[in-house]
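The structure under discussion appears below in the form of structure tokens.
Below is the structure:
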């Protein structure tokens, strides 16, 4: 049976077949944005069936109400999960616990409720590549950055300037900011029995990319096919960065993830993981500019993971924060002047 040209405007009879792609969307208090995300799903033009799984984590606004409106219009396509109590606050990892087990597709495409897709052929392009390259475990692409107020700073998140396969080392060193969430499409079987380092990690996209990179090729498409919003009020980065204790917990969780992944790969990428661990610790202290809340032995342990260069930066940040800020301003000024 042929799949309709557009999932939005045509009959949805094709979606009674087993979907090839499961679109997985997690959302919380995204009342202002969730419609954009869903419209981006519905505009996809594919020659294969899809399903849309949307997990609402007991939003306190009208997010669930908006999802229900779309569900009523597309009951065979949209498969929501409505929580009565917030699960994230209980420490539960949403996607592997509730979303991925429900997915029927060979592939999973990600998009959180505050991001959205802009290219109607996004899924078709990614799936065509994955089907033609069975050794590829994950595909991602460039994304446009849009601020919360709707302004577009003319910034594109594009880690490479051409289509390319990334080596595992490149994925590790790319960190959590390498792959925009709404750009990721991966083989679902990789989440059937995820390793412990993924389940215990305080983040989701980065360890997912690590799993994919060690179980096949990761392919980057140098096309802008989605939007990543920055400055969302409920965004993880803003909530966590404002709380030192939570940020400390996150830092130690990231360090643990590196150690677990190192063991998972039989220490094959230890050099890259040492670099990433040092970078994470340096970034933490550059954010808070002090070592308050750390016992001396904790701070000394963290310092032992730092490279010589990062150790100099951290010591400057912690002991002479004003000098550090001045140096940063001078570097920024010189950079603008050269540009």
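Numbering (the working numbering), first residue to last: -15 to 323.
Cβ atoms here follow ideal geometry from the backbone N, Cα and C, with glycine treated the same way.
Under the 8 angstroms Cβ criterion, the segment 179 to 186 does not count as touching the segment 127 to 141, having fewer than three qualifying pairs.
For the alpha helix (DSSP H) assignment, the uninterrupted runs of no fewer than 4 residues enclosed by the segment 144 to 204 are, from N- to C-terminal side, 152 to 158, 180 to 184 and 189 to 197. The Cβ atoms of residue 246 and residue 254 lie closer than 7 angstroms to each other. Nearest Cα to residue 4 within the set 87, 273, 259 and 17: 87. By the Cβ test, the segment 139 to 159 is not in contact with the segment 175 to 182, since fewer than three Cβ pairs between them sit closer than 8 angstroms. DSSP, read as helix, strand or coil, puts residue 54 in helix.
Of 194, 18, 74 and 149, the smallest CA-CA separation from residue 249 is found for 194. For residue 293, the three-state secondary structure derived from DSSP is helix. Here residue 215 is exposed: its Cβ has fewer than 16 other Cβ atoms, across all protein chains shown, within 10 Å. Contact between the segment 39 to 50 and the segment 108 to 122 is absent, with fewer than three C-beta pairs closer than 8 angstroms.
In this structure, the beta-carbon distance from residue 50 to residue 19 falls below 7 angstroms. Excluding five sequence positions before and after residue 143, the CB atoms of its chain that fall closer than 7 angstroms to its own CB belong to 158, 162 and 204, given in chain order. Counting other Cβ atoms within 10 Å of its Cβ, residue 76 stays below 16 and is therefore classed as exposed. If you look at residue 235, you'll find it in the alpha helix (DSSP H) that goes 228 to 248. Taken through DSSP and simplified to helix, strand or coil, residue 48 comes out as helix. Counting only the Cα atoms, residue 55 lies some 54 angstroms from residue 299.
Straight through space, the alpha carbons of residue 17 and residue 71 are spaced by roughly 21 angstroms. In terms of Cα proximity to residue 271, the closest of 198, 260, 301 and 281 is 301. Going by DSSP, residue 21 is part of no beta strand (DSSP E) but of the alpha helix (DSSP H) stretching over 18 to 26. Closest in C-alpha terms to residue 273, from the list 290, 307 and 292, comes 307. Distance from the CA of residue 65 to the CA of residue 12, rounded to the nearest whole angstrom, comes to 12 angstroms. Contact check for residue 207 against residue 125 passes: the beta carbons are separated by less than 7 angstroms. Straight through space, the alpha carbons of residue 235 and residue 229 are spaced by roughly 10 angstroms. Leaving aside the five residues that flank residue 106 on each side, the residues in its chain whose CB is nearer than 6 angstroms to its CB run, in chain order, 209.
Secondary structure of residue 64 (DSSP, three-state): strand.
With contacts defined as CB atoms closer than 7 angstroms, residue 242 and residue 266 fail to qualify as a contacting pair. Check the Cα spacing between residue 258 and each of 294, 78 and 284: the tightest is with 294. The three-state reading of DSSP puts residue 95 in coil, since its state is none of H, G, I, E or B.
As the crow flies, the alpha-carbon of residue 73 is around 14 angstroms from that of residue 81.
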